Amino acid sequence: MTHAHAGPPVGHHTSLGLDSRKLAFWAFIGSECLLFTSLISTYLVYKGRSVVGPYPHEILNIPFTSVSTFDLLMSSLMMVLALAAVQRGDMKWGKIWLFCTALLGTVFLGGQVIEFTEFVHKGLTLQTNLFGCTFFVLTGTHGAHVTVGVLWLLTLWVRALQGKLTQAHAMTVEISGLYWHFVDVVWIVIFTVVYLIQ
Amino acid sequence: MKSWLTTTDHKRIGLLYFWTAFGFFLIGGIEALIIRLQLAQPNGHVVSAETYNQLFTMHGTTMVFLALMPLSASFFNYIVPLQIGARDVAFPRLNAFSYWVFLLGGLFLNASWFVGPLFHAPTLNVAPDGGWFGYANLTERQFSPGPNIDFWLLGLQVLGISSLAAGFNFIVTILNLRAPGMKLMRLPTFTWMTLVTQFLIITAFPVITAGLVFLMFDRFFGTHFYVHEAGATPVLWQHLFWLFGHPEVYILILPAMGIVSEVLPTFARKPLFGYTVVVYSGILIGFMGWGVWSHHMFSVGLGPIADSVFSATTMLIAVPTGVKIFNWIATLWGGDIRGTTALHFAVGFIAMFVIGGLSGVTHASPPTDLQQTDTYYVVAHIHYVLFGGTIMGLFAGVYYWWPKMTGRLLSEALGKWHFWLQLIGMNLAFFPMHFIGLLGMPRRVYTYSPDLGVAQLNLVSTVGALLIAVSILMFLINLVRSRTSGERAPNDPWGGATLEWSIPSPPPVYNFSVIPTVDSRLPRWKTEHHGAMRDPPATPPAPIHVPGGSWWPLVAALGLPLMALAALTHTLWIVFVGGAVLLFGVYRWAFEPFEV
Chain H
11 MTHAHAGPPV
21 GHHTSLGLDS
31 RKLAFWAFIG
41 SECLLFTSLI
51 STYLVYKGRS
61 VVGPYPHEIL
71 NIPFTSVSTF
81 DLLMSSLMMV
91 LALAAVQRGD
101 MKWGKIWLFC
111 TALLGTVFLG
121 GQVIEFTEFV
131 HKGLTLQTNL
141 FGCTFFVLTG
151 THGAHVTVGV
161 LWLLTLWVRA
171 LQGKLTQAHA
181 MTVEISGLYW
191 HFVDVVWIVI
201 FTVVYLIQ
Chain F
201 MKSWLTTTDH
211 KRIGLLYFWT
221 AFGFFLIGGI
231 EALIIRLQLA
241 QPNGHVVSAE
251 TYNQLFTMHG
261 TTMVFLALMP
271 LSASFFNYIV
281 PLQIGARDVA
291 FPRLNAFSYW
301 VFLLGGLFLN
311 ASWFVGPLFH
321 APTLNVAPDG
331 GWFGYANLTE
341 RQFSPGPNID
351 FWLLGLQVLG
361 ISSLAAGFNF
371 IVTILNLRAP
381 GMKLMRLPTF
391 TWMTLVTQFL
401 IITAFPVITA
411 GLVFLMFDRF
421 FGTHFYVHEA
431 GATPVLWQHL
441 FWLFGHPEVY
451 ILILPAMGIV
461 SEVLPTFARK
471 PLFGYTVVVY
481 SGILIGFMGW
491 GVWSHHMFSV
501 GLGPIADSVF
511 SATTMLIAVP
521 TGVKIFNWIA
531 TLWGGDIRGT
541 TALHFAVGFI
551 AMFVIGGLSG
561 VTHASPPTDL
571 QQTDTYYVVA
581 HIHYVLFGGT
591 IMGLFAGVYY
601 WWPKMTGRLL
611 SEALGKWHFW
621 LQLIGMNLAF
631 FPMHFIGLLG
641 MPRRVYTYSP
651 DLGVAQLNLV
661 STVGALLIAV
671 SILMFLINLV
681 RSRTSGERAP
691 NDPWGGATLE
701 WSIPSPPPVY
711 NFSVIPTVDS
721 RLPRWKTEHH
731 GAMRDPPATP
741 PAPIHVPGGS
751 WWPLVAALGL
761 PLMALAALTH
771 TLWIVFVGGA
781 VLLFGVYRWA
791 FEPFEV
């Protein structure tokens, strides 16, 4: 059957006036907050309870992680620029900024790979002690979120290259941006709690 | 067949939820019957101790995650869009995805009954055996080396994804897809309680997911999240589990409270007494449900301050619950009461839930609780709340909405037999458990000595369980009879006030031929300016767009149990297959043309 004229078409008009996908995404982010709260709380509860080393102060490399934190923060800026470009219909810069966001996300992941490898060489694995368990599961979960975000952004970028992502899809970009900024904010909490406050 | 596999119609998905969940309910019931046969007399030999452990674990897990939650979900799906005047849920394909994940997760969990030989186990059954709340560190690889706990922790993670997806979907549906004029304080009470329940689901499930992920890492990758020797504390699991577990109790009971709040006014022919208070009490219960979890942990020894605080909050949460009970009674008071089966179940709910609530308040006091912890007294309490409460409420919903969902009436005579047998059966089965527990019989022990002096009480309880089985048989006969020779249901067999009764039974695929405009809380009884609203015309005045089906929710859903299977069998390549299936499904889903 063809388009409706009986009643408001669902998905365009909404009771709250908010896009349904965006509302769902906010609910999802709320839910994710509880997941990360549980992980971070567990890290804090077990802080200082490891019975063998290496301990956090012996191994965490604050200057290195500060750089990757800065990189992730800059990726959020790129995301803002990408959305602004798509919203005003400037798909050329939209593509560039989307790609840059994904690129900086990948750089962050690369930093995490280097960091994890270095820790393993220094004797900290998942099995070593409670610090290893909680650190790797917390930052690994965050890294998995960044990976999903990078895949998402690259998908949007490819769609934009194909000309299938246009100004009309600004909401799609906005929602991926919500996710991206959320993952970024979670990292700021993790960076503060795990790295800065030892 | 294909149309059912690809369906995105909330009504069909609601029916799928109902039949699947009801199937699991029967399986969980059979597990309970075997448990009761084993305990019918001292030194029973019906099953081995190992199988008994699996039976009580799977009974609890099945009833909570595979029967009660999805039976509620069946009504969320079928009834909520109708009550708010919508044509479907906000994300029809996500809804189908939720259902398939639930079905596959349930099958995954129950496969553990038959696959022992594949894991070189001496028995056929390697079902989860750590209790439905799976306390660490019993669940560690060291103490539970078999695949039993793996089935449990992987199955629950899969099922959690189903509940979370449905949670986001229904929050958006209820907030965003309301018919014009359907303000929040005009929402039917069932829809309100559904909304509160979904918020509890999306906040509580991530917490248990974290706990399960830790357990998974401990079992598969040798971490030490719950290993005492490494400096960790198994109490962390208890906190994470009950932080989820107590909101979960309200996830199970709030929908039933919503159903009762619909049934009572219809059959008392009176608006719900204190609608606003009932709604706010529900919201308050949702908030307070987050502040009572440690009352499950008084025996841990958290110290006098923690114990006192949680004791106080637990007593406090009885207040909004009590408020609701008085509102329901006041709704009946002076009403023009019709004693339908649905009303019987709703009133049965109130009575049984009050008993369960009272024994619950006794747990709120730590000294008393220490006497009751891990005894049959707790088993009595949970069954008064979840069987006497949730199941009674859900049956009220079945008898109330079945004509709407299938277009056929259920037999009232058979329904009353069902009700009375179930009521008598449950009181015979569960009331003696209070005494059995106080006399000292621990829960989760496969047999007992005749010297304990609880043999007769246990026999009575078993007789009660068999009576419940007979009552459920009555219900099954009623379902079959309604399908084969049930009277055709008119649009509105009960004279209901809410929108679902304004359309045919069962509703056409588009639900409403014209989206209604609502200007009161009870649109079919009275509106602000006129009399009752006019029902939508039988035929739509203009063509209505109905979204087609989609294969991709099912395909995406298949990826999850595949990944669980990979973990279970320690096979890396299956992880990639599962991940690829999920990713493929999600991409096809995202890019297929699908207009809602």
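Quick mapping for you: the protein sequence lines, in order, are chains H and F. According to this note's numbering, the stretch in the first sequence is residues 11 to 208, in order. According to this note's numbering, the stretch in the second sequence is residues 201 to 796, in order. Every residue, glycine too, gets a C-beta built ideally from N, C-alpha and C. Note that the structure is a prediction, hence the values are computed from the model and not measured.
Using a threshold of 7 angstroms, state whether the C-beta atoms of residue i and residue j are closer than that.
i        : j        : result
H:Leu108 : H:Ala92  : yes
F:Tyr576 : F:Met626 : no
F:Pro736 : F:Ser720 : no
F:Gly749 : F:Thr207 : yes
H:Thr144 : H:Tyr53  : yes
F:Leu307 : F:Ala764 : no
F:Ala370 : F:Phe276 : A quick correction: the sequence has Phe, not Ala, at residue 370 of chain F. Cβ distance < 7 angstroms, so F:Phe370 and F:Phe276 count as in contact.
F:Arg293 : F:Asn711 : no
F:Leu271 : F:Leu594 : yes
F:Val463 : F:Ala530 : no
F:Leu762 : F:Val786 : no
F:Gly458 : F:Met393 : yes
F:Gly686 : F:Leu614 : no
F:Leu359 : F:Gly486 : no
F:Pro447 : F:Ala506 : no
F:Pro328 : F:Thr409 : no
F:Leu411 : H:Leu140 : Residue identity differs from the one stated: residue 411 of chain F is Gly in this sequence, not Leu. Contact: no.
H:Thr75  : H:Tyr205 : yes
F:Phe498 : F:Pro603 : no
F:Val670 : F:Leu621 : yes
F:Trp601 : F:Ile279 : yes
F:Asn295 : F:Val301 : no
F:His581 : F:Gly560 : yes
For residue i, go through chain F and note every residue whose CB falls closer than 7 angstroms to its CB, in chain order.
i       : result
H:Phe38 : Phe368
H:Tyr56 : Ala432
H:Leu44 : Thr403, Pro406, Val407
Is any non-hydrogen atom of the ligand COA found closer than 6 angstroms to the C-beta of residue i, if you look at the structure I gave you?
i        : result
F:Arg644 : The ligand COA is absent from the structure shown, which contains no ligand whatsoever.
What three-state label does DSSP hand residue i in the structure shown?
i        : result
F:Arg608 : strand
H:His23  : strand
F:Arg212 : helix
F:Ser203 : helix
F:Gly306 : helix
H:Phe192 : helix
F:Thr575 : strand
F:Arg688 : strand
F:Pro723 : coil
H:Ser48  : helix
F:Phe314 : coil
F:Ile703 : coil
F:Glu792 : coil
F:Thr521 : helix
F:Gln398 : helix
F:Thr251 : helix
F:Thr339 : coil
H:Arg59  : coil
F:Gln656 : helix
F:Asp569 : helix
F:Ala232 : helix
H:Lys102 : helix
Residues of chain H with CB closer than 8 angstroms to the CB of residue i, please, in chain order.
i        : result
F:His424 : Gln137, Asn139, Leu140, Cys143
F:Asn376 : Thr24, Ser25, Leu26, Leu28, Ser30, Leu33
F:Phe417 : Leu136, Cys143, Val147
Taking Cβ-Cβ distances shorter than 7 angstroms, what residues in chain H pair up with residue i?
i        : result
F:Ile402 : Ala37, Gly40, Ser41
F:Leu440 : Ser48
Could you tell me which residues DSSP pairs with residue i in its beta bridges?
i        : result
F:Pro642 : F:Thr575
What in chain H is Cβ-close to residue i, meaning under 9 angstroms?
i        : result
F:Ile279 : Those do not exist, as F:Ile279 stays about 18 angstroms from chain H at its closest Cβ, beyond 9 angstroms.
So which residues of chain F does residue i contact, with C-beta pairs closer than 9 angstroms?
i        : result
H:Thr157 : Chain F residues near H:Thr157: none, gap ~12 angstroms exceeds 9 angstroms.
Anything in the segment 424-438 of chain F with a Cβ closer than 7 angstroms to a Cβ of chain H? List those residues in chain order, please. Cβ contacts with chain H come from His424, Phe425, Ala430, Gly431, Ala432, Leu436.
Under 7 angstroms (Cβ pairs) to chain H, residues found in the segment 497-525 of chain F: Cβ proximity to chain H below 7 angstroms picks out nothing from the segment 497-525 of chain F.
Going along the chain, which residues of the segment 331-356 of chain F sit with their C-beta nearer than 9 angstroms to a C-beta in chain H? Those residues of the segment 331-356 of chain F that come within reach of chain H (Cβ to Cβ, closer than 9 angstroms) do not exist; the list is empty.
Name the residues in the segment 59-73 of chain H whose C-beta lies less than 7 angstroms from a C-beta of chain F; which are they? The segment 59-73 of chain H vs chain F, Cβ under 7 angstroms: Arg59, Ser60, Val61.
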